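Quick notes on the structure that follows.
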Amino acid sequence: MPVAHGLGRLTESADERKLSAKLTDEVLYKLKRNNTMEDTINIYEKKAEEMTAIHIISKKDKFAETEGGFVSFDYDGVHYDRIKVVRLFPFTDPDKFISIREHGNGDREIGIIEDLSEMTEETQTILKRQLDLCYFTPVIEKIMSIKDEYGYAYFHVMTDRGECKFTINMGSNAVAKLSDTRLIIMDVDENRFEIRDVEALSQKERRMLDMFL
1366 MPVAHGLGRL TESADERKLS AKLTDEVLYK LKRNNTMEDT INIYEKKAEE MTAIHIISKK
1426 DKFAETEGGF VSFDYDGVHY DRIKVVRLFP FTDPDKFISI REHGNGDREI GIIEDLSEMT
1486 EETQTILKRQ LDLCYFTPVI EKIMSIKDEY GYAYFHVMTD RGECKFTINM GSNAVAKLSD
1546 TRLIIMDVDE NRFEIRDVEA LSQKERRMLD MFL
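So for the sequence shown, my numbering puts the first residue at 1366; every next one is plus one.
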């Protein structure tokens, strides 16, 4: 599927690049053993296909919560004691194209869930709990003050989770526009905050944001 293949390229890891170099060494080794060029090319293509294949995870694949609060996964006869759950489109399509990756081992991708709603209710509950931990994003409801000093901006805001203060680096792309009215702000500790509708803020609050828009 074109979309899945595109996602595979986007999620290529450092380990995959290392494996590519290793495959090249293996091809040279096979040539030295007097394999035909055709045999060698077939070997290379087969291993390259295995490396770049996109595996689609379905509801028959088993996820479970561990005693330590992590998630284990059984897929294609292999048991993974702990996995990572990554949204490929966290803001525009948060419940579709969920990447399931090994914990450690270069975060190698095991497979992709195309649509979380098509998984069992148990799996949805387990994975959404993990995603909520990874993508905790308080919604800013009121801006109390923004002060800029020496290249940093200091925010004092009220969110749906309570009052909060955080700092952003003004020299980075800390404020991202998802639409004409929706913003995502990332602080220096990589915590995310959301403004769902800039127009819903007061004129004074919007003026404070002007330097970032």
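In this text, a Cβ means the ideal position worked out from N, Cα and C, and glycines have one as well.
Since we're looking at a predicted model, the values are computed, not measured.
Enclosing beta strand (DSSP E) for residue i [first to last residue]
i	result
ARG1452	1448–1452
LEU1578	Element bounds for LEU1578: n/a, residue is neither H nor E.
VAL1436	1436–1440
HIS1444	1443–1445
ASP1513	1505–1514
ASN1476	According to the sequence provided, residue 1476 is Gly. The question's Asn does not apply to it. Here the beta strand (DSSP E) through GLY1476 covers 1474–1480.
SER1464	1461–1467
PHE1456	It is not in any beta strand (DSSP E) - PHE1456 carries neither H nor E in the DSSP assignment.
LYS1427	1427–1430
Rounded separation between residue i and residue j - CA only
i	j	result
ILE1421	ALA1539	33 angstroms
ARG1335	TYR1500	Limits of the chain in this structure are 1366 at one end and 1578 at the other, which puts residue 1335 out of reach.
GLU1559	LYS1569	18 angstroms
LEU1384	ARG1547	Low confidence applies to LEU1384: its pLDDT is 48, below 50, so where it sits in the model is not reliable enough to give any reading.
PHE1520	ILE1419	42 angstroms
ILE1550	VAL1450	22 angstroms
GLY1471	ARG1561	34 angstroms
VAL1443	ARG1494	23 angstroms
ARG1572	ILE1505	16 angstroms
THR1524	ASN1534	20 angstroms
THR1502	ASP1446	27 angstroms
PRO1455	SER1544	14 angstroms
THR1488	LEU1453	18 angstroms
GLU1430	ASP1554	28 angstroms
HIS1468	ASP1426	18 angstroms
Where the alpha helix (DSSP H) through residue i begins and ends
i	result
THR1532	No alpha helix (DSSP H) holds THR1532; the beta strand (DSSP E) holding it covers 1527–1534.
LEU1498	1486–1499
Nearest candidate by alpha-carbon position, reference residue i, set the options
i	options	result
THR1584	ASN1556, PHE1428, ARG1572 and ILE1419	Within the shown structure, residues of the chain are numbered from 1366 to 1578, placing residue 1584 beyond reach of any answer.
ASP1552	CYS1529, ILE1419, LYS1507 and GLU1467	CYS1529
TYR1322	ARG1452, PRO1459 and SER1423	Outside the shown range of the chain (1366 to 1578) lies residue 1322, about which nothing can therefore be said.
LEU1507	GLN1489, MET1535, GLY1527 and TYR1517	Here residue 1507 is Lys; the residue named in the question, Leu, does not match the sequence. With distances taken between Cα atoms, LYS1507 lies closest to GLY1527.
ASN1556	PHE1531, THR1490 and PRO1455	PHE1531
ARG1466	ALA1518, ILE1475 and ASP1460	ILE1475
SER1537	ILE1463, ILE1491 and GLY1516	GLY1516
PHE1462	ALA1541, LEU1492, ASP1554 and VAL1522	LEU1492
THR1490	VAL1522, ALA1541, ASP1460 and ALA1518	ASP1460
Cβ-heavy atom distance, residue i to the ligand ZN, below 6 angstroms
i	result
LYS1507	Looking for the ligand ZN in the displayed structure turns up nothing, as the structure carries no ligands at all.
Inset, instruction - Count the CB pairs spanning the region 1507–1519 and the region 1564–1578 that are closer than 8 angstroms, and state whether there are at least three. - result: The region 1507–1519, when compared against the region 1564–1578, does touch it at the 8 angstroms Cβ threshold.
Inset, instruction - Mind the definition here: the region 1552–1568 touches the region 1465–1484 only if three or more C-beta pairs lie below 8 angstroms; say whether that holds. - result: no
Inset, instruction - For the region 1488–1507 and the region 1430–1442, state whether three or more C-beta atom pairs, one from each stretch, are separated by less than 8 angstroms. - result: yes
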